[in-house]
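For reference, the structure is listed below as C-alpha cells.
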Amino acid sequence: MLTPWPGFCFIHKRPTSAFEPFMSNHAIPARLQLRHITKRYPGCLANDAVDLTIQPGEIHALLGENGAGKSTLMKIIYGVTQPDAGSIIWQGQVQTMRNPAQARSLGIGMVFQHFSLFETLSVAQNIALAMGAAAGTPKQLEPRIREVSQRYGMAVEPQRLVHSLSIGERQKVEIIRCLMQDIRLLILDEPTSVLTPQEAEELFVTLRHLAVEGCSILFISHKLGEVRALCHSATVLRNGKVSGHCIPAECSDLELARLMVGDAEGLTAHYDKVSGSEAFLRVDKLSWHNPDPFGCSLKDLSLEVRSGEIVGIAGVAGNGQDELLALLSGEQTLPHAQATTLRFKDTPVGDLRPD
Numbered sequence: 147m148l149t150p151w152p153g154f155c156f157i158h159k160r161p162t163s164a165f166e167p168f169m170s171n172h173a174i175p176a177r178l179q180l181r182h183i184t185k186r187y188p189g190c191l192a193n194d195a196v197d198l199t200i201q202p203g204e205i206h207a208l209l210g211e212n213g214a215g216k217s218t219l220m221k222i223i224y225g226v227t228q229p230d231a232g233s234i235i236w237q238g239q240v241q242t243m244r245n246p247a248q249a250r251s252l253g254i255g256m257v258f259q260h261f262s263l264f265e266t267l268s269v270a271q272n273i274a275l276a277m278g279a280a281a282g283t284p285k286q287l288e289p290r291i292r293e294v295s296q297r298y299g300m301a302v303e304p305q306r307l308v309h310s311l312s313i314g315e316r317q318k319v320e321i322i323r324c325l326m327q328d329i330r331l332l333i334l335d336e337p338t339s340v341l342t343p344q345e346a347e348e349l350f351v352t353l354r355h356l357a358v359e360g361c362s363i364l365f366i367s368h369k370l371g372e373v374r375a376l377c378h379s380a381t382v383l384r385n386g387k388v389s390g391h392c393i394p395a396e397c398s399d400l401e402l403a404r405l406m407v408g409d410a411e412g413l414t415a416h417y418d419k420v421s422g423s424e425a426f427l428r429v430d431k432l433s434w435h436n437p438d439p440f441g442c443s444l445k446d447l448s449l450e451v452r453s454g455e456i457v458g459i460a461g462v463a464g465n466g467q468d469e470l471l472a473l474l475s476g477e478q479t480l481p482h483a484q485a486t487t488l489r490f491k492d493t494p495v496g497d498l499r500p501d
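Right under this line is the structure:
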C-alpha cells in the first residue's frame, strides 16, 4: 500500500511472531514530528519542506538513494545542522535543536555509520567520556554497562579495549552508549552496512525489544528486504522531497524502489559481459603487512580488471578494502622488489606514488 501524498503517513498494526505489533495511541502525542523542514546549501536544496512523524514504540524507516537528503535530515534532528525553515516538535513541544548535547538531553541518541570510538580506550572509558563526569568513573559504570548489554542481548565486556572488538561489537558499544542515556528515540544510519547477516539479525532482535518497551527507532537503510521485515512504516525521500509514505511490509521491493528513484523505464538492466580483452589492471598474489596495529594486512590477493568491466570489491568493512584501494591508488606503496605485483597495462606500478 503506497501513499504518494507528502503530508500523509500511515501508522499501522503489523502482526508478527518476531515481536509484539506496533499500535499507535492517538491519546499520546507523537514522539517526533517534523513540519516543512527545509535546508539549503549553495547550489543544492538538501531538504525541501520535509514532513515526518514517528510514534512511541515505532520503528520508522527513512529511505532514499544517495543524495536524497537523508543524512541532512538526521543531522537536523540530532542538532548537528540547523534547518533554514520548518519546525521540530518533540513530544508535543516545539524545540530548536541547537546541538547534539541538547538532543541527547531530550532523549535522542544517534549511531552514525562511521563510529566515534577511541580504539585505544576500553568500552567503559568510551562510554564514560560520552556521559560526562557526573555519570561516574569508568569503573563505577561497569555494572550498569553489563546490565544494559545483557538486557538487550548485546553482551560486551566493559574492560575490553575497543581495538580488540569486531565491527559488530563496536556497533553494540555505540548503541549501549546511547541506551545508557535513557533515550526515547534511537537514530541508526545504515547500521547493517558493516554487519554480517547473523549480526544484522541480532541487531533486529535488539531493536524490536526496544520498540516493545516504547523506544522509537529511526532506521536508515538501502536494504529494502531488511526494511520490509523490520519497520512498521517508512518515509521515502527523492531529491530532497518526500516522495511518499508507506507500510513496508505491504510493499514490494519494486514499489519501494520506484518511490526512491522514480520510474525505471528506459534504463538498461542487462549488459553483455566483456570477454577476451586484455587486462588493464592486474593484481598478482599481493601480500602486504600493515604496520598499523589496528589495520588489516593483505595475503596472496589476486584480481584482474579488463576494459569495459565493472569489478566489485565486497566484504564486511575492515577486512582490507581500504588497504587494497590505498595500494592501487599509490597512497600506500610497495617495496621496489614487489612493484610487479601490481600492473597497469602490463607496467609495474606497485611502487609509484599518485603523482
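To get this note's numbering, take the position in the sequence shown, counting from 1, and add 146. No residue lacks a Cβ here, since even glycine has one placed at the ideal position from N, Cα and C. In this text, all values refer to a predicted model and were calculated from it rather than measured experimentally.
- Taking one C-beta from the stretch 225-238 and one from the stretch 388-399 each time, how about it: are there three or more such pairs within less than 8 angstroms? Verdict: no, contact absent.
- Message: Considering only their Cβ atoms, is the gap separating residue 452 from residue 475 smaller than 8 angstroms?
- Response: Translated into positions along the sequence shown, residue 475 becomes position 329. Translated into positions along the sequence shown, residue 452 becomes position 306. In this structure, residue 475 sits away from residue 452, with a CB-CB distance that is not shorter than 8 angstroms.
- Beta-carbon gap between residue 303 and residue 257 smaller than 8 angstroms: Residue mapping note: residue 303 aligns to position 157 of the sequence shown, counting from 1. Residue mapping note: residue 257 aligns to position 111 of the sequence shown, counting from 1. It is not a contact, given that the beta carbons lie outside the stated cut-off.
- Message: Between the stretch 428-437 and the stretch 477-489, can you find at least three pairs of beta-carbon atoms closer than 8 angstroms?
- Response: Segments in contact, yes.
- Query: Is the beta carbon of residue 219 sitting closer than 8 angstroms to the one on residue 174?
  - Reply: The residue you call residue 219 lines up with position 73 of the sequence shown. The residue you call residue 174 lines up with position 28 of the sequence shown. Not a contact, by the Cβ cut-off of 8 angstroms.
- Which residues does DSSP pair with residue 339 in a beta bridge? Taking the sequence shown and counting its residues from 1, the one referred to as residue 339 is at position 193. Answer is none; residue 339 lacks a bridge partner.
- Message: Cutting at 6 angstroms between CB atoms, please list the residues of its own chain near residue 499, excluding the five before and the five after it.
- Response: Taking the first residue of the sequence shown as position 1, residue 499 is located at position 353. So the list reads 476, once near-sequence residues are dropped.
- Message: By alpha-carbon positions, which one of 305, 185, 242 ends up nearest to residue 285?
- Response: As a position in the sequence shown, residue 285 is number 139, starting the count at 1. The residue with the shortest Cα to Cα distance from residue 285 is 305.
- Task: To the nearest angstrom, report how far apart residue 407 and residue 287 are at their CA atoms.
- Result: Position 261 of the sequence shown holds residue 407. Position 141 of the sequence shown holds residue 287. Near 46 angstroms, if we compare the C-alpha coordinates of residue 287 and residue 407.
- Task: Mind checking which residues open and close the beta strand (DSSP E) that includes residue 363?
- Result: Here the question's residue 363 lines up with position 217 in the sequence shown. Start and end: 362-366.
- Query: Can you tell me where the alpha helix (DSSP H) with residue 218 in it begins and where it stops?
  - Reply: Counting from one through the sequence shown, the residue named residue 218 turns up at place 72. Here the alpha helix (DSSP H) through residue 218 covers 216-223.
- Message: Please return the same chain residues whose Cβ sits closer than 8 angstroms to the Cβ of residue 360, not counting the five positions on each side in sequence.
- Response: Locating residue 360 in the sequence shown gives position 214, where the first residue counts as 1. Correct list, in chain order: 202, 203, 330.
- Task: Whole angstroms is fine: what's the gap from residue 215's alpha carbon to residue 383's?
- Result: The sequence position of residue 215 within the sequence shown is 69, counting from 1. The sequence position of residue 383 within the sequence shown is 237, counting from 1. C-alpha separation (whole angstroms): 7 angstroms.
- Task: Return helix, strand or coil for residue 186, following the three-state DSSP convention.
- Result: Against the sequence shown, residue 186 aligns to sequence position 40. Strand, per DSSP.
- Task: Determine the contact status of residue 434 and residue 443, defining contact as a CB-CB distance below 8 angstroms.
- Result: The count along the sequence shown starts at 1 and reaches residue 434 at position 288. The count along the sequence shown starts at 1 and reaches residue 443 at position 297. The answer is yes: Cβ separation under 8 angstroms.
- Drop a sphere of 10 angstroms on the beta-carbon of residue 483, count the other beta-carbons inside from all chains shown, and report buried for 16 or more, exposed for fewer. By 1-based counting over the sequence shown, the position of residue 483 is 337. Exposed.
- Item | Complete runs of the alpha helix (DSSP H) confined to the stretch 373-453 [at least 4 residues] | The qualifying runs are 399-407.
- Item | Unbroken stretches of the alpha helix (DSSP H), 4 residues or longer, contained in the stretch 264-298 | Counting only unbroken stretches of 4 or more residues, the alpha helix (DSSP H) elements lying wholly within the stretch 264-298 are 269-277, 284-297, in sequence order.
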